Amino acid sequence: MPYIQTVQLLESLEQQLKINHLWSIQSPSDAELASVAPFACDTLRFEQWLQFIFIPKMSMLIQTQSPLPSKISLAPMAEHVWGNRTELAELTKLLAVLDNLLTGQ
């Protein structure tokens, strides 16, 4: 399992979210976090999903040395959500690197 590389990419993801002013200080409500929709798209913005659901879940999997997801497509969602925001291109590229690492490409 590529735990070390994944940790590094998650740290970079957090840093990029902060640099781009997408890191939230306030946590969403429990009801918003309980969404079962993909990326919690009905209750959260994509960057909130990354911060409050994806990063913590991945960190937990790494801490417990559990299997990491091998079918993941974050970059296409980022392109869909942030496609017209050129200032977020590096963030989208970072998610593509994470996708490729976890899917073994």
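By the count of this note's numbering, the sequence shown reaches residue 405 at its end, each step adding exactly one. Every residue, glycine too, gets a C-beta built ideally from N, C-alpha and C. In this text, all values refer to a predicted model and were calculated from it rather than measured experimentally.
Taking the alpha carbon of residue i as the reference point, which residue from the options has its own alpha carbon closest?
i, options, result
"L388", "L317, T306, N400 and Q351", "L317"
"D399", "H380, K371 and R385", "K371"
"V381", "F339, H321 and L309", "F339"
"A396", "S359, T403, M360 and A375", "A375"
Hey, how far is the Cα of residue i from the Cα of residue j?
i, j, result
"L401", "S327", "28 Å"
"N384", "Y303", "32 Å"
"L394", "P356", "17 Å"
"Q305", "S373", "17 Å"
"V307", "D342", "28 Å"
"T403", "M358", "14 Å"
Taking its Cβ as the centre, do 16 or more other Cβ atoms sit within 10 Å of residue i, making it buried, or is it exposed?
i, result
"A378", "buried"
"T386", "exposed"
Three or more C-beta pairs closer than 8 Å, one from the stretch 328-340 and one from the stretch 357-373: is that the case here?
no
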